[in-house]
Every structure is written in C-alpha cells, then in structure tokens.
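Worksheet for the structure shown next.
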Amino acid sequence: MYFNSNTVAFLDGEFVPASEATCGAYAQSLHYGYAVFEGIRAYNTPQGSQVFKAREHYERFHYSCQAIGLPLNYSVEELTQITYQLLEKNGLTDAYIRPLAYAATPNMSLKHATTGNLLMAVWEWGKYLGDQSLRLTVSPYERPNPKAVPIEAKVAGHYVNSIIASSEAKGRGYDEALLLDMNGYVAEGPGANFFFERDGELYTAPAGSILRGITRNTIIDLAREAGIRVHEQFFTPAELQGAQGAFMTGTAAEVIGVSSVDDVVFEKPFAETIGAQLASRYHDLVTGVLVPAHLVQR
1 MYFNSNTVAF LDGEFVPASE ATCGAYAQSL HYGYAVFEGI RAYNTPQGSQ
51 VFKAREHYER FHYSCQAIGL PLNYSVEELT QITYQLLEKN GLTDAYIRPL
101 AYAATPNMSL KHATTGNLLM AVWEWGKYLG DQSLRLTVSP YERPNPKAVP
151 IEAKVAGHYV NSIIASSEAK GRGYDEALLL DMNGYVAEGP GANFFFERDG
201 ELYTAPAGSI LRGITRNTII DLAREAGIRV HEQFFTPAEL QGAQGAFMTG
251 TAAEVIGVSS VDDVVFEKPF AETIGAQLAS RYHDLVTGVL VPAHLVQR
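full-length UniProt numbering puts the first residue of the sequence shown at 1, with every later residue one more than the last.
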C-alpha cells in the first residue's frame, strides 16, 4: 500500500529504494516513541503539483523537534526542496507526504538524542476517514495532560493514545472516537480536529489539549473570510445537543462530516451544513481552482 519495488524514499541525505529505508532494532525512537512527524499533502493543480502549506508544516516540524530536544539539521527550505524532488522521483502529483525525524543511534537511556535522522516518504492516499459522515463516540480515554507532554508537538509517541482510542471506538461499532480533555471538555479526534455548527456559527476546542491542526486553522480562516463566526472555546459533550451539524478536519482526513456523537444526532445532513460549504471551498483552495498559485505555498 505504501511502497513497492520502484518506490524511492529520502533517508539521511540520500534518495534510496524504500525497501532499504530501515531502522536498527536498538534505535532510541523505536523503543520510546521518541520521534516527530508531519502529515502533508501535495495536490495536482493547474500550476502542477503543489505542496499545500509546506512552510507551515515544516515550521511545525521544527517546533516539534525542538520541543522534545531532537536534532533536525534541515531548514524549512531544504525540507521543501526534498519534498518536491521526492514527488518527482516517484512520479506523483497528488500524494501524502510523511517526514519523520527520529533517533536511530542505539540508545536505551532516557536522555535527549545528540544526533537526529530524517526519513521522508510519499504515497498515494485517499481521505483517511473516507467520504461518508461519521458516527462518533466519546472515548473513555482522554487526551494527554498538556502538563505531562508538549501537546502541540506532533510527537510519534503521543499517537499511542490515538491508536487505543480509535481502536476502542471501532470495537464498539463506531467510525471514530472523540476524546475529552482532563476537565471533561471536548478536545479532538484521534487524528483530526472537531467542529460543530449551531445557528450559523461554528465552535471548536481552543488551544490547550489539542493539536492546532493546519487544516483546522485553514478552515477557521475560510470561515471568517466568508463572514461565519468561529468560537474557539471549551464545551462539553452535553452542549452538542441541538447542534445542526458537525465535522472533523485534518491533513489526512481533509474535511469529513459527522452525523452523530453517541445519542446526539445532528439535525442537518452534512451536505446542507456550513461544514460542507467549507469543505468545497477547502477543496478549491488546495487544488488551486480559485486561488492564485502564489497563495498555495511552495
């Protein structure tokens, strides 16, 4: 699914066959989840393949590495250039991009790494959560306490929480989980931010226990440009009662409708909601249909 015998990956300064992009069994990152990643998409636009908001993604990549003390010896510009080279070498225009910073040196100590490694892979990947509106359930698992880990860093180890929550929800027959924070407020999904609509306005969780996704930020910008008020505030699952619609956002998922959260069924089908309007606008933005090429950062 992710690579074949012809796939090329980038590993520590070289373009290599993906099958040779391996990590040793004693790597610190393998044992402790001590790694940082990004999820990025490239789209085939009238101007050719364009990586959507490359600068924002790679600036966050740098921030995440700094937050956990993991060396990263590539600038934002270098990472962007490598991305386009890798897409070209694999003959891809629409693609998902996964840069991973990690510590490959054999090391069982609980100390910051002194050297870092970089893997970058690309593959074709449809919308992570599909196209059909989702049935969510409030997870018994909470988002990590922001005083325990740097929650706004996209750290690989954090996603053990996501795997457990998502698997538990699907085991109970739901499409995905919705996690609360330590105070009982709605935070986000395992890999996507959450919005709901009430009376023509949008609500989403504020900074604190969420990863402020780049797709989330883009949707907020698009909504405000359209004159739609967006509230970034804390809310409980009970406050979803009477909402007209809901949706989730993320680079892998893009914008996907939500039909229900446990016994709360949203009043409108997704196609009739603000979320659907913004999903259409987001598609036009990332594919360059309505936006000058210089606004899709390269």
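The beta-carbon is built from N, C-alpha and C at its ideal position, and this holds for glycine as well. Bear in mind the structure is a predicted one, so any value in this text is a computation, not a measurement.
Taking the C-alpha atoms as reference points, what is the distance between residue 343 and residue 42?
-> The requested residue 343 is not part of the displayed model; the chain covers only 1 to 298.
Does the distance from the CB of residue 102 to the CB of residue 35 come in under 8 Å?
-> Yes; because the gap between Cβ atoms is below 8 Å, this pair is in contact.
Using 8 Å as the threshold, is the stretch 188-203 in touch with the stretch 222-229, meaning 3 or more CB pairs across them?
-> Under the three-pair Cβ rule at 8 Å, the stretch 188-203 counts as touching the stretch 222-229.
Using beta-carbon positions only, say whether residue 205 and residue 247 come within less than 8 Å of one another.
-> Contact: no.
Candidates 215, 60, 125, of which the one nearest residue 249 by Cα = Comparing Cα positions, the closest option is 215.
Could you please give the first and the last residue of the uninterrupted alpha helix (DSSP H) stretch that includes residue 365?
-> This structure cannot speak to residue 365, because the chain is shown only from 1 to 298.
Short Cβ contact (8 Å threshold) for residue 25 with residue 11 = Taking a C-beta distance under 8 Å as the contact criterion, residue 25 and residue 11 do not qualify as a contact pair.
Spell out a yes or no on whether the stretch 108-119 and the stretch 132-140 are touching, meaning 3 or more CB-CB pairs, one atom from each, closer than 8 Å.
-> They do not touch, by the three-pair rule.
Can you list the alpha helix (DSSP H) stretches of 4 or more residues lying completely in the stretch 142-210, in chain order?
-> Fully contained in the stretch 142-210 are the following alpha helix (DSSP H) runs of length 4 or more, in chain order: 159-171.
C-alpha gap between residue 150 and residue 185, whole angstroms | One C-alpha to the other measures close to 19 Å.
Does the stretch 73-81 come close enough to the stretch 151-167 to have 3 or more Cβ pairs within less than 8 Å?
-> Contact fails: fewer than three Cβ-Cβ distances are below 8 Å.
Tell me whether residue 95 sits in a helix, a strand or coil according to DSSP, three-state version.
-> In the three-state DSSP reduction, residue 95 falls in the strand class (E or B).
In the DSSP assignment, find the unbroken alpha helix (DSSP H) run with residue 31 in it and report its ends.
-> 28-32 is the extent of the alpha helix (DSSP H) around residue 31.
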